[in-house]
Amino acid sequence: MSDPIDLTAAQAAERIGAGEITAAELFEAYRARAAADDLNAFTWVADAAPESNGRPDTPLAGVPIAAKDLFCTEGVPSQSGSKILEGYRPPYTATVVSKLHEAGAPLLGKTNQDEFAMGSSNENSGFGPVLNPWDHGRVPGGSSGGSAAAVAAGLAPWAIGTDTGGSIRQPASLCGIVGLKPTYGACSRYGMIAFASSLDQAGPLTRDVTDAALMLRHMIGRDHLDSTSLEFPGEIALPSAEDLKGIRLGVPEDLTGAEGGIEPGVRSNFEATLELAERLGASIEPCRLPHAPHALSAYYLIAPAEASANLARFDGVRYGLRVDGDKDLVTMYSRTREVGFGPEVKRRIMLGTYALSSGYYDAYYGTAQKVRTKIAEDFRSAFEQFDFIVTPTSPCVAFELGAKLSDPLAMYLNDFLAVPMSLAGIPAISIPSGLSDGLPVGFQLAAPAFNESRLLDAAYALERAVGFDGSSARV
Amino acid sequence: MGVPPVSDYEPVIGLEIHVQLSTRTKMFCGCRLSFSDPPNIHTCPTCLGLPGALPVVNERAIHFGIMIGLALGCEISERSLFHRKNYFYPDLPKGYQISQYDVPLCLGGRLGEVRIHRVHLEEDAAKLNHLGASGRIHGSDRSWVDFNRGGTPLVEIVTEPDIRSPEQAREWLILLRTTLRQLGVSDVDMSQGSLRCDANVSIRPTGTTELGTKTELKNMNSFAFLERGVRAEIERQRRLVEHGEAVVQETLHFDPVSGGLTPLRSKEEAHDYRYFPEPDLVPIVVGEEMMSAARADMPAELPADRAVRFERDLGLHADTARLFAFRSELGDYFERALAAANGSHKNGGLEPAELSNWIPQLVERIGSDADPASSNVTPESLATLATMVKAREVSRDAAREVLTLLVKEGGDPRAIVEREGLGAITAQDNGLAEIVDQAIASDPAAAEQVRAGNMKAIGPLVGHVMRETKGRADGGEITRLIRKALGL
Numbered sequence: 000m001s002d003p004i005d006l007t008a009a010q011a012a013e014r015i016g017a018g019e020i021t022a023a024e025l026f027e028a029y030r031a032r033a034a035a036d037d038l039n040a041f042t043w044v045a046d047a048a049p050e051s052n053g054r055p056d057t058p059l060a061g062v063p064i065a066a067k068d069l070f071c072t073e074g075v076p077s078q079s080g081s082k083i084l085e086g087y088r089p090p091y092t093a094t095v096v097s098k099l100h101e102a103g104a105p106l107l108g109k110t111n112q113d114e115f116a117m118g119s120s121n122e123n124s125g126f127g128p129v130l131n132p133w134d135h136g137r138v139p140g141g142s143s144g145g146s147a148a149a150v151a152a153g154l155a156p157w158a159i160g161t162d163t164g165g166s167i168r169q170p171a172s173l174c175g176i177v178g179l180k181p182t183y184g185a186c187s188r189y190g191m192i193a194f195a196s197s198l199d200q201a202g203p204l205t206r207d208v209t210d211a212a213l214m215l216r217h218m219i220g221r222d223h224l225d226s227t228s229l230e231f232p233g234e235i236a237l238p239s240a241e242d243l244k245g246i247r248l249g250v251p252e253d254l255t256g257a258e259g260g261i262e263p264g265v266r267s268n269f270e271a272t273l274e275l276a277e278r279l280g281a282s283i284e285p286c287r288l289p290h291a292p293h294a295l296s297a298y299y300l301i302a303p304a305e306a307s308a309n310l311a312r313f314d315g316v317r318y319g320l321r322v323d324g325d326k327d328l329v330t331m332y333s334r335t336r337e338v339g340f341g342p343e344v345k346r347r348i349m350l351g352t353y354a355l356s357s358g359y360y361d362a363y364y365g366t367a368q369k370v371r372t373k374i375a376e377d378f379r380s381a382f383e384q385f386d387f388i389v390t391p392t393s394p395c396v397a398f399e400l401g402a403k404l405s406d407p408l409a410m411y412l413n414d415f416l417a418v419p420m421s422l423a424g425i426p427a428i429s430i431p432s433g434l435s436d437g438l439p440v441g442f443q444l445a446a447p448a449f450n451e452s453r454l455l456d457a458a459y460a461l462e463r464a465v466g467f468d469g470s471s472a473r474v
Numbered sequence: 000m001g002v003p004p005v006s007d008y009e010p011v012i013g014l015e016i017h018v019q020l021s022t023r024t025k026m027f028c029g030c031r032l033s034f035s036d037p038p039n040i041h042t043c044p045t046c047l048g049l050p051g052a053l054p055v056v057n058e059r060a061i062h063f064g065i066m067i068g069l070a071l072g073c074e075i076s077e078r079s080l081f082h083r084k085n086y087f088y089p090d091l092p093k094g095y096q097i098s099q100y101d102v103p104l105c106l107g108g109r110l111g112e113v114r115i116h117r118v119h120l121e122e123d124a125a126k127l128n129h130l131g132a133s134g135r136i137h138g139s140d141r142s143w144v145d146f147n148r149g150g151t152p153l154v155e156i157v158t159e160p161d162i163r164s165p166e167q168a169r170e171w172l173i174l175l176r177t178t179l180r181q182l183g184v185s186d187v188d189m190s191q192g193s194l195r196c197d198a199n200v201s202i203r204p205t206g207t208t209e210l211g212t213k214t215e216l217k218n219m220n221s222f223a224f225l226e227r228g229v230r231a232e233i234e235r236q237r238r239l240v241e242h243g244e245a246v247v248q249e250t251l252h253f254d255p256v257s258g259g260l261t262p263l264r265s266k267e268e269a270h271d272y273r274y275f276p277e278p279d280l281v282p283i284v285v286g287e288e289m290m291s292a293a294r295a296d297m298p299a300e301l302p303a304d305r306a307v308r309f310e311r312d313l314g315l316h317a318d319t320a321r322l323f324a325f326r327s328e329l330g331d332y333f334e335r336a337l338a339a340a341n342g343s344h345k346n347g348g349l350e351p352a353e354l355s356n357w358i359p360q361l362v363e364r365i366g367s368d369a370d371p372a373s374s375n376v377t378p379e380s381l382a383t384l385a386t387m388v389k390a391r392e393v394s395r396d397a398a399r400e401v402l403t404l405l406v407k408e409g410g411d412p413r414a415i416v417e418r419e420g421l422g423a424i425t426a427q428d429n430g431l432a433e434i435v436d437q438a439i440a441s442d443p444a445a446a447e448q449v450r451a452g453n454m455k456a457i458g459p460l461v462g463h464v465m466r467e468t469k470g471r472a473d474g475g476e477i478t479r480l481i482r483k484a485l486g487l
């Protein structure tokens, strides 16, 4: 084996365990690549592997991780892509990162993202946009765009990101890698700089499905520091299914119909992938999720509402940016937030503040929560007949930088197919299913809560059948 | 229709009380509670509102909350919610306070004659210190935040507007404090801020039931200030009505130095707190196990029940019953003395009400804030003294002198009576009839008036005997002997 960069994370861990390569060699190979990053995927890269973790006898054997900027990492910049937190180094480490460290994965670097995870193109970062490794004139998707680009380009073996309304799956789709959003509560949110608390969930961005399973195995679990985290029933099994015999796939026509705005190239790839699944033994039938088309509207009330409160702490008093207020408190607040936040963040704070205002709460936030309940019920009844619900991950392939910046609604529509699963709190995975005009297309499978192992198994069988080759992005 | 005269307006008062719970740790993190430690040493990512930190509910605070609810006769919600109350201030690190809103832990209830509206849990803000003449954040040169206090568990108790006078407000708050103290859930010290009280005050024509426009009074950090603040506000509102002006809904700051009230903010400036359910926490679910645990920790008898027992079962005067119940150290002392009297009232001996009269006498001698249990007078000796008075072994006046000596030196009242020669002189004693005769002889005019039927004139004669006997003779007995000597 010539270059360790060509190994998946699971393969690399195996080679280290077998003594064929050392963890230090692997770390340095990636560190050098990450340090030379020309995609702006990283906001910080380690100087050297920490000595305290990455021992070869640990399950992850020293295979390093890249972590989205919003994961707090002790002593290491954690800025959530925002100027208001520029240079902020937290005094503690997020639970998910600690768990991965304990399993033997040291921190390689922190990855760029849309500011406070608000965006679908990574153009909303306070530290500049990330470029798509398949085409440097295009976006990598967002908000975990840095993590997705780093993994696709081979600047990191694997990465963690967060998904609030598609922020793992959509960039994974646009960069031609695997992205998994786990069941809400499966991973602790402690130490994740919050966007929308009732939706945020950490998950893996990896080169293949096996890596996603391996990483997720070491992320899950109840955390006494996060009241909304849950004990995961059982272990995450490494996937091994070779076919999809007896698997019933539901295609929600409410999402994949005309309203979804699915590009022709994405649609034909999706249909071809369904045929592949059928050849593997799956049955494919249309299904109904009647409230799912309203998911985006509900999401853009609930997420900004929660964000408007979550981002109130960035007030210039204790940490991060402070712009002097000439001895007036309110002036200090408003100047700090005026300078520190980008336009998309301001837009969502205003949306959320409005949605929660006295006299509007019931009409906006209250109604949105009702819609959310209806969507979860839709999925529950669909899962009575189907093992998985499948859609394209994103209606389009990676678009050109700047193409949707001036039209927030067009940007929001990128997550039309991803947001319903977020609102329902169920797990969903995106796997690369081929190319359209030379750009990756993602295929999404969603499962009932806590069915990650089954979901990974099905994704694994399909992944083998697709035979996607992402190596051309790793130059 | 004319405006009713101002004297026909009655005050309507409701209280909002914040109580710091004496849990070991804060409401949503593991930091220790403290009062006088150096600033910002009891902090962590959660109570500093650092990015990414999350709250976790303190189970002990819920336990205390349930106990308070039970003590106030509330209905305990099986499922209640935390909400975020959003506003910006430097003492609020997250930009929102985690509180409870439309589904609180406890609903309804009653303490004494005042109904409870609700009881809920929340977190305290940090403490601000300002440098500069203003003493407030506006115009200060610099302000510091001490986050040691931030996140301290608070219980907010809201009453119905059932209070009708400043005195009643004060007395009821004392009852609440004693109740909470007995539960052991808080230090309930107003000067330390572990018990804080705001008042909602309005006035309305007596006999009507509609509520007038209310104002909210803040910063009344003692029982006396509460009474003074509420009184000042009632007077202010009466004057407004008297001049045909309307009361404006606003928040007022009570200044204990000047006794004045200054507006903090009006209704127009009122915050829109944009409450919504706290997504970082799951609902509080109170199961049977938590209820039994709270019940098991409840004291056998709460002050309000004790007052009823003192009045109804022991026949104490209503005011005395409440005094002893609300100031539990007096009640405890009284009950120990009663036990020492050994149930003698059941055989026609000392009545509890007779014994109870001696406790204010004792309090008067040891200082009104002192605990009689730590005085020189044991409950047993007070019981002995009261029993001696009842048996006419010592006159009431002489007994007061004995009590003064007991407070000074302690010991046995019988020994003091013996030593000081204060034993009662009765008709059987030879000397007393003689002294009565002397008194009549020394004031024949008074004697004549008494003979003529003016019983008021007997005073100087009784006084003479009292002086001569140094108070050892019983007043009633003296009166009887004088009348006898005058042939009445």
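These protein sequences, in sequence, are chains A and B.
361 is the number that numbering that gives the first Met the number 0 gives to position 362 of the first sequence; each next residue is one higher, with no gaps.
99 is the number that numbering that gives the first Met the number 0 gives to position 100 of the second sequence; each next residue is one higher, with no gaps.
For every residue, glycine included, the Cβ atom is placed at its ideal position computed from N, Cα and C.
Apart from sequence neighbours up to five positions away, the residues of its chain that approach Arg-163 of chain B with a beta-carbon distance below 8 Å are Glu-9, Pro-10, Val-11 and Ile-12, ordered along the chain. Interface residue (Cβ-Cβ distance to chain A less than 8 Å): Leu-53 of chain B is classified as such.
Close to Gly-190 of chain A, with beta-carbon spacing below 7 Å, are these residues of chain B in chain order: Gly-51. By the neighbour-count criterion, in which 16 or more other beta carbons inside 10 Å mark a residue as buried, Ile-156 of chain B falls on the buried side.
The C-beta distance from Thr-158 of chain B to Val-200 of chain B rounds to 13 Å, too long to meet the 8 Å contact threshold. Residue-level contact by beta carbon fails for Leu-106 of chain B and chain A, as no gap is shorter than 8 Å.
About 4 Å separates the Cβ atoms of Ala-65 of chain A and Ala-158 of chain A, confirming a contact at the 8 Å cut-off.
Between Leu-455 of chain A and Ala-212 of chain A, the C-beta gap is smaller than 8 Å, which places the two residues in contact. Across the structure, Tyr-272 of chain B and Ser-166 of chain A are spaced so that their CA atoms are roughly 30 Å apart. For Leu-461 of chain A, the closest C-alpha among the options A:Gln-443, A:Arg-473 and A:Glu-451 is that of A:Gln-443.
For Trp-133 of chain A, the closest alpha carbon among the candidates A:Val-418, A:Arg-371, A:Leu-400 and A:Leu-412 is that of A:Leu-400. Excluding residues up to 5 positions away in sequence, Leu-431, Thr-468, Arg-471 and Ala-472 lie with their Cβ nearer than 6 Å to the Cβ of Ile-424 of chain B in the same chain. Below 8 Å, too few C-beta pairs join the region 181 to 198 of chain A and the region 432 to 440 of chain A to call them touching: fewer than three. In the three-state scheme derived from DSSP, where H, G and I count as helix and E and B as strand, Arg-471 of chain B is classed as coil. Scanning chain B for C-beta atoms nearer than 7 Å to the C-beta of Glu-305 of chain A yields Pro-278, reported in chain order.
For Gly-94 of chain B, at least one C-beta of chain A is nearer than 8 Å to its own C-beta.
Excluding five sequence positions before and after Ala-472 of chain A, the CB atoms of its chain that fall closer than 8 Å to its own CB belong to Pro-132, Trp-133, Ala-151, Ala-152, Gly-153, Cys-174 and Gly-175, given in chain order.
Under the Cβ distance rule, His-100 of chain A does not count among the residues neighbouring chain B, no pair being separated by less than 8 Å.
When the Cα atoms are used, Leu-198 of chain A and Leu-6 of chain A turn out to be separated by approximately 33 Å. The beta-carbon separation of Ser-77 of chain A and Ala-116 of chain A, rounded to 13 Å, does not stay under the 8 Å limit for a contact. Gly-258 of chain B has a beta carbon lying at 8 Å or more from every beta carbon in chain A. In this structure Gly-441 of chain A touches Arg-168 of chain A by the C-beta definition: roughly 7 Å separates them, less than 8 Å. Neighbours of Pro-89 of chain B in chain A, taken as residues whose beta carbon is under 8 Å from its own, are Asp-314, Val-316 and Leu-328 in chain order.
For Leu-455 of chain A, there is no enclosing beta strand (DSSP E); the residue is part of the alpha helix (DSSP H) that begins and ends at 451 to 465. Comparing C-alpha distances from Val-461 of chain B to each of B:Glu-287, B:Asn-85, B:Ala-398 and B:Arg-479 shows the shortest one belongs to B:Arg-479. For the pair Arg-83 of chain B and Leu-130 of chain A, the Cα-to-Cα distance works out to about 38 Å. In the structure shown, Lys-213 of chain B falls within a coil segment according to DSSP collapsed to helix, strand and coil.
Within 8 Å of the CB of Arg-273 of chain B, the CB atoms of chain A belong to Ser-307, Ala-308, Thr-352, Leu-355, Ser-356, Ser-357 and Tyr-360, in sequence order along the chain. A Cβ-Cβ separation of about 7 Å places Cys-286 of chain A in contact with Val-250 of chain A under the 8 Å criterion. Between Phe-309 of chain B and Leu-315 of chain B, the C-beta gap is smaller than 8 Å, which places the two residues in contact. For Phe-442 of chain A, the enclosing beta strand (DSSP E) begins and ends at 438 to 445.
In the three-state DSSP reduction, Val-200 of chain B falls in the strand class (E or B). Contact annotation for His-223 of chain A against chain B: Val-55 [CB-CB distance below 8 Å, chain order]. Residues of the region 50 to 73 of chain A that bring their beta carbon within less than 7 Å of a beta carbon in chain B comprise Cys-71, in sequence order.
A direct Cα-Cα distance of roughly 9 Å separates Val-281 of chain B from Val-56 of chain B.
Distance from the CA atom of Asp-186 of chain B to the CA atom of Glu-408 of chain B, rounded to whole angstroms, is 33 Å.
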